[in-house]
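Student:
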Amino acid sequence: MAGLVPETMQKVTHAVLGPREGDKLKDLAHDTKDMTPKDRLTTDYGVKQSTADDWLKAVSPDQAGPLLLEDPFGRERIMRFDHERIPERVVHARGSGAFGKFKVFESIEDLTFAPVLTDTTRETPVFVRFSTVLGSRGSADTVRDVRGFAVKFYTQEGNWDIIGNDIPVFFIQDAIKFPDVIHAGKPEPHNEVPQAQSAHNNFWDFQFNHTESTHMFMWTMSDRAIPRSFRMMQGFGVNTYTLINSKGERHFVKFTFTPELGVHSLVWDEALKLAGQDPDFHRKDLWEAIANGVSPKWRFGIQVLPEADEHKFDFDILDATKVWPEDLVPTRYIGELELNCNPDEFFTQVEQAAFCTSHVVPGIGFSDDPLLQGRNFSYFDTQISRLGVNFQELPVNRPVCPVLNFNRDGALRHTITRGTVNYWPNRYEACPPASREEGAYVEYPQKVAGIKARMRSDKFKDHFSQAQLFYNSMSPVEKLHIHNAFAFELDHCEDPVVYGRMVQRLADIDLGLAQAVADKVGGDVPREGRPNHGRRAPALSQHEFPGIKPTIASRRIAILVADGYDQAAFAAAYAAASAALAVPLVIGTNRRKVTAADGAGSTQPHHHLEGFRSTMVDALFVPGGAQSAATLARNGRALHWIREAFGHLKTIGATGEAVELVQNAIGLPTVAVSDSAEVRESYGVVTLKELRPESLREAVAIAKGATGFMEKFFYGISQHRCWERELAGLNNQV
Ligand code: HDE
Numbered sequence: 021m022a023g024l025v026p027e028t029m030q031k032v033t034h035a036v037l038g039p040r041e042g043d044k045l046k047d048l049a050h051d052t053k054d055m056t057p058k059d060r061l062t063t064d065y066g067v068k069q070s071t072a073d074d075w076l077k078a079v080s081p082d083q084a085g086p087l088l089l090e091d092p093f094g095r096e097r098i099m100r101f102d103h104e105r106i107p108e109r110v111v112h113a114r115g116s117g118a119f120g121k122f123k124v125f126e127s128i129e130d131l132t133f134a135p136v137l138t139d140t141t142r143e144t145p146v147f148v149r150f151s152t153v154l155g156s157r158g159s160a161d162t163v164r165d166v167r168g169f170a171v172k173f174y175t176q177e178g179n180w181d182i183i184g185n186d187i188p189v190f191f192i193q194d195a196i197k198f199p200d201v202i203h204a205g206k207p208e209p210h211n212e213v214p215q216a217q218s219a220h221n222n223f224w225d226f227q228f229n230h231t232e233s234t235h236m237f238m239w240t241m242s243d244r245a246i247p248r249s250f251r252m253m254q255g256f257g258v259n260t261y262t263l264i265n266s267k268g269e270r271h272f273v274k275f276t277f278t279p280e281l282g283v284h285s286l287v288w289d290e291a292l293k294l295a296g297q298d299p300d301f302h303r304k305d306l307w308e309a310i311a312n313g314v315s316p317k318w319r320f321g322i323q324v325l326p327e328a329d330e331h332k333f334d335f336d337i338l339d340a341t342k343v344w345p346e347d348l349v350p351t352r353y354i355g356e357l358e359l360n361c362n363p364d365e366f367f368t369q370v371e372q373a374a375f376c377t378s379h380v381v382p383g384i385g386f387s388d389d390p391l392l393q394g395r396n397f398s399y400f401d402t403q404i405s406r407l408g409v410n411f412q413e414l415p416v417n418r419p420v421c422p423v424l425n426f427n428r429d430g431a432l433r434h435t436i437t438r439g440t441v442n443y444w445p446n447r448y449e450a451c452p453p454a455s456r457e458e459g460a461y462v463e464y465p466q467k468v469a470g471i472k473a474r475m476r477s478d479k480f481k482d483h484f485s486q487a488q489l490f491y492n493s494m495s496p497v498e499k500l501h502i503h504n505a506f507a508f509e510l511d512h513c514e515d516p517v518v519y520g521r522m523v524q525r526l527a528d529i530d531l532g533l534a535q536a537v538a539d540k541v542g543g544d545v546p547r548e549g550r551p552n553h554g555r556r557a558p559a560l561s562q563h564e565f566p567g568i569k570p571t572i573a574s575r576r577i578a579i580l581v582a583d584g585y586d587q588a589a590f591a592a593a594y595a596a597a598s599a600a601l602a603v604p605l606v607i608g609t610n611r612r613k614v615t616a617a618d619g620a621g622s623t624q625p626h627h628h629l630e631g632f633r634s635t636m637v638d639a640l641f642v643p644g645g646a647q648s649a650a651t652l653a654r655n656g657r658a659l660h661w662i663r664e665a666f667g668h669l670k671t672i673g674a675t676g677e678a679v680e681l682v683q684n685a686i687g688l689p690t691v692a693v694s695d696s697a698e699v700r701e702s703y704g705v706v707t708l709k710e711l712r713p714e715s716l717r718e719a720v721a722i723a724k725g726a727t728g729f730m731e732k733f734f735y736g737i738s739q740h741r742c743w744e745r746e747l748a749g750l751n752n753q754v
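Here the sequence shown stands for residues 21 to 754, where the numbers follow the numbering used here.
1) For PHE565, collect the residues of the same chain with a Cβ closer than 7 Å to its Cβ; drop the 5 residues on either side in sequence, then sort them by chain order.
2) Specify the secondary structure class of GLY255 as computed by DSSP and reduced to three states.
3) Per DSSP, what are the beta-bridge partners of VAL148 in this structure?
4) Can you give me the C-alpha to C-alpha distance between ALA328 and MET238, rounded to a whole angstrom?
5) Short of 6 Å in beta carbon distance, which residues of its chain neighbour THR144, apart from the five on each side in sequence? Order them along the chain.
6) Buried or exposed for ILE436, please, with buried defined as at least 16 other CB atoms from any protein chain shown within 10 angstroms of its CB.
7) Please state whether DSSP places ASN221 in a helix, a strand or coil.
8) Secondary structure at ALA726, three-state DSSP: helix, strand or coil?
9) So, at 6 Å on beta carbons, what are the nonlocal neighbours of ALA487 in its own chain, with the 5 sequence-adjacent residues on each side left out?
10) Report yes if the CB atom of LEU87 is closer than 8 Å to the CB atom of TRP75, and no otherwise.
11) Determine whether the Cβ of ARG474 lies closer than 8 Å to any Cβ atom of chain C.
12) With DSSP as the reference, label SER285 as helix, strand or coil.
13) Using beta-carbon positions only, say whether ALA450 and VAL462 come within less than 8 Å of one another.
14) Mind checking which residues open and close the beta strand (DSSP E) that includes GLU746?
15) Give the straight-line distance between the Cα atoms of GLU41 and GLU177, rounded to the nearest whole angstrom.
16) Less than 8 Å between the CB atoms is what I'm expecting for PHE228 and ARG550, so what's the real figure, rounded?
17) With a Cβ-Cβ cutoff of 8 Å, do ALA195 and ARG395 count as a contact?
18) Tell me whether PHE411, by its Cβ, gets closer than 7 Å to a heavy atom of the ligand HDE.
19) Based on the DSSP secondary-structure assignment, which residues constitute the bridge partners of TRP787?
20) Please state whether DSSP places HIS483 in a helix, a strand or coil.
21) For GLU108, which residues of its own chain have a beta-carbon under 7 Å away from its beta-carbon, when the five flanking residues on both sides are left out?
22) Which word fits THR152, buried or exposed, when buried means at least 16 other C-beta atoms lie within 10 angstroms of its C-beta?
23) Does the region 553-564 touch the region 479-499, meaning 3 or more C-beta pairs lie closer than 8 Å?
24) Just checking my contact of ILE182 with VAL111 at CB under 8 Å: how many whole Å lie between their CB atoms?
25) Using the Cα positions of ASN752 and MET253, report the straight-line distance between them to the nearest angstrom.
26) Just tell me which of GLY120, PRO643 and HIS668 has its CA closest to the CA of LEU359.
27) Assuming ILE572 contacts LEU605 under a Cβ cut-off of 8 Å, what Cβ separation, rounded to an integer in Å, is found between them?
28) Can you grab the Cα-Cα spacing for the pair VAL603 / TYR443, in whole Å?
29) Are the CB atoms of ALA204 and ASN185 within a distance shorter than 8 Å?
30) Residues in its own chain within less than 7 Å of ASP243 by CB, not counting five upstream and five downstream?
31) Report yes if the CB atom of LEU154 is closer than 8 Å to the CB atom of LYS197, and no otherwise.
32) Would a C-beta distance cut-off of 8 Å place ALA160 and ALA216 closer than the cut-off?
33) Return yes when the C-beta of HIS112 is under 7 Å from any heavy atom of the ligand HDE, and no when it is not.
34) Express the C-alpha separation of SER634 and ASP300 in angstroms, rounding to a whole number.
35) On the three-state DSSP scale, how would you describe TYR448?
36) Please report how far the alpha carbon of ILE784 lies from the alpha carbon of ASP139, in whole angstroms.
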């Protein structure tokens, strides 16, 4: 897992990649090359090179001498290197992605005639790119930010892109404001500080000046903005699209992807530390899960409204700062997205991936959502400056169905189109437009009447109801995290005007929140707030997610050992974790073989306590063994590991002599749980004094639940974090 060598990953990738008929992966194979020891180094123009080490020189008798400019090999290498960089994405520059497939399990032919959403026998290849928004390409993964969730469906009818986020609403209502919101969020213009952060004056100045952003900033101050993994985030299309059926009827639709693993987040202190300790945390997590065959999956859902219902709500359904609450418009889950194949090369397949909201297939259309319409212009436009006008010919972007037209030339054109004409109509009738029956995209005949004006409908003007709805729907822990997030962010705003006004704004959502934040960050404590309508929408809380099966698959469990550890307990935990598809990681005081008590075995740690940190795992297990426990008890970093994992609300398991070690480190005794006197538990710390099976087989049996210890330990991990610990105020140990 963490120690996988690239070669192993390659094998996994290729095994999963195996060619399939009509598949995007097969299509990519045309442009994919392997490098083997049998191949020989050549120039870009195909001539074999004798060395990659020495520039051609005018060598004098003492072997020194100037480089000769005439060396085409040396010049080619340097010149190609000089031009390796392309502009990074103007937003969402930091990201990573993977290939996979999409299937509908329930046809929605009542709503659309797009086969990608009606043909239940079809498997549509996809590429998905996840990203942060504000940071540049080399910034850290775990910063507080919105996450992008962009899906390219390579359908037989052409490419369809849903370019979504992990948050269902947006900061602004009209695309014309996009440059402002992004300028305000990106590093400030005078000193290019801060990187990948919304915690600065300009961001919050913008938020105050745009009441329409209120709903969105409540989401970005929630745990949604610090996901544990790309695999544990929802994806929302955000904008309102339309579906058209074969009767010519149109429905409004919002698209959602909901992860099988549930929606889970880091805790803030952990996110901050990871940004330095492992800036690629999310990128690696996605890669490793896929390489280990634990393919992340999402259920694909739609919220649908008939055209006739457009004006039935107290919000405008075309306003991207509003959700369609599920109690009013339930989500219908109709398909599944699965990611099962890592890219072979990051630059060509992830960096060069280009998404366009304007790319939809017949049966799917746009709405008059003013944000979406602006996006339809922007994405295509930005690809031209980032990748060039022929960006759709790049392997990752090109469709799997035929592409033929009279668009020609431009920089780096690849396709060679035979024939003497390059226009329509032509005397040969070559390449005529398609009819509706042949599958042409035909626009929905929407009636349009009105005047030209720069305005929005009145319903766009309610900027607070849904911000209140969101906050009201949070669990007590989520509310606490939102409070802490504001306290952090506004503390980073030095300008009293900025934080002073923002705490007043919070009173438009919740007076208690505003007062608590003002108390922390300064500014006048608000005395009065906007009346709160008191409504809740439970589906907005990530703690109230229905239908998620508890699992520990792909969770990292650190096992802390030193010489003299209890082999039986170690083996039991390791085997049970592996059997449950979790990832046990052995952590030693150094990365040298560690010997078990009585020479019962040995293990080679994956990492050592200083190199790896508790932030990088989901749970911690410390097996007994008197000598091992005593060594760890004397090691400050080991104690820090235990305290920090406890502070980050992680499940901790300990057996034998390690029970006392853990209890002393966190200062918390464990209490007996009712079903077994042996197993004790307190606030997600699970202990068992005696775990001394005779054999590995017995150890595995124990692990599978015979004593209840592993059961309890694993159940805790499957719950992600022990929130009760935080509510009891026990987590201040980090
Ligand atoms: Fe984007 N956005 N955006 N955006 N966006 C881009 O296109 C833009 C918006 C989103 O992994 C850019 O290829 C405008 C909402 C994602 O490659 C650019 C507006 C949502 C990605 C652009 C928005 C998004 C982008 C920059 C307001 C969630 C990364 C690079 C009208 C539904 C895609 C690029 C990837 C990228 C413009 C608002 C999501 C400049 C004008 C709302 C996930 O075209």
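Even glycine gets a Cβ: it sits at the ideal position worked out from N, Cα and C.
As the structure is a prediction and not an experimental result, all values here were calculated from the model.
Tutor: Working from what's here:
1) Cβ-Cβ distances below 7 Å link PHE565 to GLY282 and VAL283 in the same chain, with the five nearest sequence neighbours on each side left out; the list follows chain order.
2) Three-state DSSP puts GLY255 in a strand.
3) In the DSSP secondary-structure assignment, VAL148 is bridged to ALA118 and VAL171.
4) Whole-angstrom Cα-Cα distance: 31 Å.
5) In chain order, PHE122, VAL136, PHE173 and THR175 place their CB closer than 6 Å to the CB of THR144, counting only its own chain and leaving out the 5 sequence neighbours on each side.
6) The C-beta of ILE436 has fewer than 16 other C-beta atoms within 10 Å across all chains shown, which makes the residue exposed.
7) For ASN221, the secondary structure class from DSSP, reduced to helix, strand or coil, is helix.
8) Confidence in ALA726 is poor, its pLDDT being 47 and thus under 50, which makes the residue's placement unreliable; the coordinate value appears in the next sentence. Note: ALA726 maps to helix in three-state DSSP.
9) Closer than 6 Å at the Cβ level, and outside the excluded window around ALA487, lie THR234, HIS235, MET238 and ILE529.
10) Result yes, Cβ atoms of LEU87 and TRP75 sit closer than 8 Å.
11) The structure shown contains no chain C, having only a single protein chain.
12) Three-state DSSP puts SER285 in a strand.
13) One thing to note: ALA450 has its Cβ no nearer than 8 Å to the Cβ of VAL462.
14) Where GLU746 is concerned, there is no enclosing beta strand (DSSP E), although the alpha helix (DSSP H) it sits in stretches over 743-747.
15) Confidence at GLU41 is low in this model, with a pLDDT of 44, below 50, so the placement of that residue is unreliable and no value is reported for it.
16) Not quite, the Cβ-Cβ distance comes to about 15 Å (not below 8 Å), so this is no contact.
17) In this structure, ARG395 lies closer than 8 Å to ALA195 by Cβ.
18) Because no heavy atom of the ligand HDE lies under 7 Å away, the Cβ of PHE411 does not count as near it: no.
19) Outside the displayed range of the chain (21 to 754) lies residue 787, so it cannot be described from this structure.
20) Reduced to three states, the DSSP call for HIS483 is coil.
21) So the list reads SER156 and ARG157, once near-sequence residues are dropped.
22) That one is buried.
23) Yes, the region 479-499 touches the region 553-564.
24) In this structure ILE182 is not in contact with VAL111, their Cβ atoms being roughly 17 Å apart against a cut-off of 8 Å.
25) Rounded to whole angstroms, ASN752 and MET253 show a C-alpha spacing of 27 Å.
26) When each option's Cα is compared against that of LEU359, the closest is GLY120.
27) Contact between ILE572 and LEU605 is absent: CB atoms are separated by about 14 Å, not below the 8 Å threshold.
28) Taking the straight line from one Cα to the other gives about 58 Å.
29) No, the pair does not count as a contact, with Cβ atoms beyond the cut-off.
30) Once the five neighbours on either side are set aside, the close Cβ partners of ASP243 are SER285, GLU498, HIS501 and GLN562.
31) No, these two residues do not count as a Cβ contact at 8 Å.
32) Yes.
33) Result yes, Cβ under 7 Å from the ligand HDE.
34) Roughly 16 Å separates the two Cα atoms.
35) In the structure shown, TYR448 sits in coil (DSSP, three-state: anything other than H, G, I, E or B).
36) As shown, the chain starts at 21 and ends at 754. That puts residue 784 outside it, with no answer to give.
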